[in-house]
Amino acid sequence: MTRSSLLTLRNVDIFYGRIHAVKRVSMHVNAGEIVALIGGNGAGKTSLLTTISGLVRPASGSVSYEGREIHKTRADRIVRMGVTHVPEGRLVFGPMSVADNLALGGYVRADKDEARRDLEQIYSMFPVLAERRHQMAGTLSGGEQQMLAIGRALMAKPRLLLLDEPSMGLAPRIAREIFHHVVELKERFGLTVLLVEQNAKNALRIADRGYVLETGRVVLQGPAEDLLANRDVQRAYLGRE
Ligand code: ATP
1 MTRSSLLTLR NVDIFYGRIH AVKRVSMHVN AGEIVALIGG NGAGKTSLLT
51 TISGLVRPAS GSVSYEGREI HKTRADRIVR MGVTHVPEGR LVFGPMSVAD
101 NLALGGYVRA DKDEARRDLE QIYSMFPVLA ERRHQMAGTL SGGEQQMLAI
151 GRALMAKPRL LLLDEPSMGL APRIAREIFH HVVELKERFG LTVLLVEQNA
201 KNALRIADRG YVLETGRVVL QGPAEDLLAN RDVQRAYLGR E
């Protein structure tokens with residue numbers, strides 16, 4: 001951990017009944033970083049995100065955000081503290097318009113004027129959402145729905161964004177566009193991002209640091225460029241684009 005660490009997990013264990021999904025995981029995310037969490041199916045990546053956002057309780061260990069322990073804090077409170085989770089599968093509300101989906105993301109906010117300005121920024125970052133603001137979210141393409149899911153998360157005015165598999169099911173060109181937007185979130189909005197991805201190559205290309213998770217344990221960690229150059233990582237995870 002460093003002094004600028006925004007999020008710190010210490011020795012986190014997560015169980016589902018008797019399944020020990022996450023085993024004594026310690027990790028941290030510094031303010032302003034993009035940190036990639038990579039690993040195969042069932043490695044425990046999603047479990048870590050849902051634990052950080054307060055949807056799943058760790059059996060032991062701790063999660064701290066801005067120096068305060070949050071692993072017993074309610075999920076809605078964690079959102080208000082500045083942590084927003086974009087779950088896997090971009091769960092937008094299909095029968096609602098793009099604009100209404102974005103408005104829902106801002107429901108936790110009291111600063112309605114500022115929220116209106118943020119909405120305009122989101123529309124300028126994702127012009128396709130502005131063009132389609134009255135269209136039902138369920139009729140958007142996969143890439144557009146992912147942009148909407150990210151835009152809705154931004155409306156909650158997060159400091160830390162938890163992104164679960166944003167490139168899943170997207171064509172390579174669209175996936176690259178999404179990754180480009182993730183960099184923009186860091187550079188333009190000063191956001192800190194914890195990014196879970198099976199697409200390890202693209203994730204590590206945009207990340208500052210990364211953690212490799214295997215069957216619930218951190219087996220490697222370090223600067224993203226070192227992980228990209230690591231033979232074991234290349235063999236296990238970097239085959240796919
Ligand atoms: P994927 O990339 O396939 O989503 P992951 O790395 O995100 O995988 P998790 O979804 O966190 O992994 O799952 C870790 C382990 O916990 C797996 O063995 C999974 O079957 C199990 N698991 C996850 N959620 C539950 C649940 N709600 N009930 C029971 N077991 C679960």
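Residues 1 to 241, numbered by the working numbering, are exactly what the sequence shown covers, in order. For each residue, glycine too, the CB sits at the ideal point set by N, CA and C.
Any heavy atom of ligand 1 within a distance shorter than 7 Å of the CB on residue i?
| i | result |
| --- | --- |
| Tyr237 | no |
| Ala103 | no |
| Ser4 | no |
| Ser47 | yes |
| Ile70 | no |
| Asn202 | no |
| Asn30 | no |
| Tyr16 | yes |
| Asn230 | no |
| Ile38 | no |
What's the call for residue i, buried or exposed, on a 16-neighbour Cβ count within 10 Å?
| i | result |
| --- | --- |
| Glu165 | buried |
| His85 | buried |
| Ser124 | exposed |
| Pro58 | buried |
| Thr139 | exposed |
| Ala21 | buried |
| Met1 | Confidence in Met1 is poor, its pLDDT being 49 and thus under 50, which makes the residue's placement too unreliable to answer from. |
| Arg173 | exposed |
| Ile19 | exposed |
On a CA-only basis, which of the options is nearest residue i? Give me that one, please.
| i | options | result |
| --- | --- | --- |
| Leu220 | Asn199, Phe189, Thr8 and Met27 | Met27 |
| Gly32 | Gly190, Ala229 and Gly210 | Gly190 |
| Asn199 | Pro95, Leu228 and Tyr16 | Leu228 |
My guess is that residue i and residue j are in contact by the Cβ rule of under 8 Å, so how many angstroms apart are they, rounded?
| i | j | result |
| --- | --- | --- |
| Val79 | Ala156 | 6 Å |
| Val182 | Ile206 | 6 Å |
| Gly54 | Lys45 | Not a contact, Cβ separation roughly 17 Å. |
| Leu91 | Asp118 | Wrong, their Cβ atoms sit about 21 Å apart, outside the cutoff. |
Tell me the DSSP bridge mates of residue i?
| i | result |
| --- | --- |
| Gln221 | Tyr211 |
| Ala149 | Looking at the DSSP assignment, Ala149 forms no beta bridge with any residue, so it has no partner. |
| Thr84 | Leu161 |
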